[in-house]
């Protein structure tokens with residue numbers, strides 16, 4: 004079945020620095036990817052998404068990069084702030100042959116921002 | 002607040018008891034999802050509805066679990082004869098069905114503790 008893995012379970016950065024969180028997936032048929040942010044005691048919050056026909060998408064202070072060749076996804080956060088401290092999950096829609104409804108989540112990377 | 006609403010936020014029960022959780026999705030969303038999340042893990046898909054039809058159920062959804070969405074609006078998730086292994090955060094999400102995209106918006110979850 005499909006699997007999603009984060010490269011690092013924890014990441015610590017200095018306030019103002021850029022953060023990069025990486026994610027790998029196994030199924031080349033996956034056609035849609037999402038990053039979520041989850042703060043303690045809250046549900047996952049949508050950050051940004053990208054379709055498989057794109058390599059890069061930018062939002063406010065965030066950029067998602069998709070490398071389909073090596074099946075790798077990354078989230079870049081510019082000028083990281085203390086409010087960015089949370090657990091970040093990558094998730095994907097399995098694509099052809101898989102479920103058309105659910106998302107498959109990775110285990111998450113805990114981002115800690117030092118003031 | 003027009004986000005996804007879940008009740009109760011916390012539920013403590015004794016093993017063997019039945020529990021029921023409620024989810025009110027974003028009003029115009031036709032899809033509703035249930036996920037389970039344990040400590041240190043990403044959400045795991047349980048089931049989803051499109052309007053009132055339950056379209057998919059995960060293998061995680063044992064016979065003790067049942068979900069309904071009778072009028073295509075709110076949904077309930079019932080767990081019968083709870084076991085300690087059912088202790089987890091139960092998350093509800095909703096989305097608008099759209100080709101190639103599936104931005105799911107999550108509620109804050111119901112945390113279940115089975116003693």
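Residue numbers (this note's numbering), protein chains in the order written: chain F, 4 to 118; chain V, 2 to 116.
Glycine included, C-beta positions come from ideal geometry on N, C-alpha and C.
None of the values given here were measured: they were computed from a predicted structure.
Per-residue DSSP class, three states only, for residue 25 of chain V: What you label residue 25 of chain V is simply residue 24 of the second chain in a count that begins at 1. Here residue 25 of chain V sits in strand by DSSP.
heavy atom of the ligand FAD below 6 Å from residue 29 of chain F C-beta: This structure lacks the ligand FAD, and indeed carries no ligand of any kind.
Three-state secondary structure assigned by DSSP to residue 64 of chain V: If you number the second chain from 1, residue 64 of chain V lands on position 63. In this structure, residue 64 of chain V counts as coil in the three-state DSSP scheme.
Residue 100 of chain F (DSSP reduced to helix, strand or coil): Residue mapping note: residue 100 of chain F aligns to position 97 of the first chain, counting from 1. Low confidence applies here, because residue 100 of chain F scores a pLDDT of 49, under 50, leaving its location unreliable and the question unanswered by this model.
9 Å Cβ cut-off: residues of chain V touching residue 20 of chain F: Position 17 of the first chain holds residue 20 of chain F. Within 9 Å Cβ-Cβ: nothing; residue 20 of chain F doesn't reach chain V, min ~25 Å.
Under 9 Å by beta carbon: chain F residues contacting residue 26 of chain V: Sequence index remark: in the second chain, residue 26 of chain V carries index 25 (1-based). Here the premise fails: no neighbours, minimum Cβ distance about 13 Å.
Beta-carbon gap between residue 95 of chain V and residue 79 of chain V smaller than 7 Å: Within the second chain, the letter at position 94 stands for residue 95 of chain V. Within the second chain, the letter at position 78 stands for residue 79 of chain V. In this structure, residue 79 of chain V does not lie closer than 7 Å to residue 95 of chain V by Cβ.
Unbroken beta strand (DSSP E) run spanning residue 5 of chain V, endpoints: Taking the second chain and counting its residues from 1, the one referred to as residue 5 of chain V is at position 4. From DSSP, residue 5 of chain V is part of no beta strand (DSSP E); its letter is neither H nor E.
DSSP state of residue 48 of chain F mapped onto helix, strand, coil: Taking the first chain and counting its residues from 1, the one referred to as residue 48 of chain F is at position 45. If DSSP states are grouped into helix, strand and coil, residue 48 of chain F belongs with the strands.
Host beta strand (DSSP E) of residue 70 of chain F (start-end): Your numbering for residue 70 of chain F matches position 67 in the first chain. Note, residue 70 of chain F: beta strand (DSSP E), 65-70.
Buried versus exposed call for residue 94 of chain F [16 or more other C-beta atoms within 10 Å across all chains shown]: Start at 1 with the first residue of the first chain, and residue 94 of chain F comes out as number 91. Buried is the call here.
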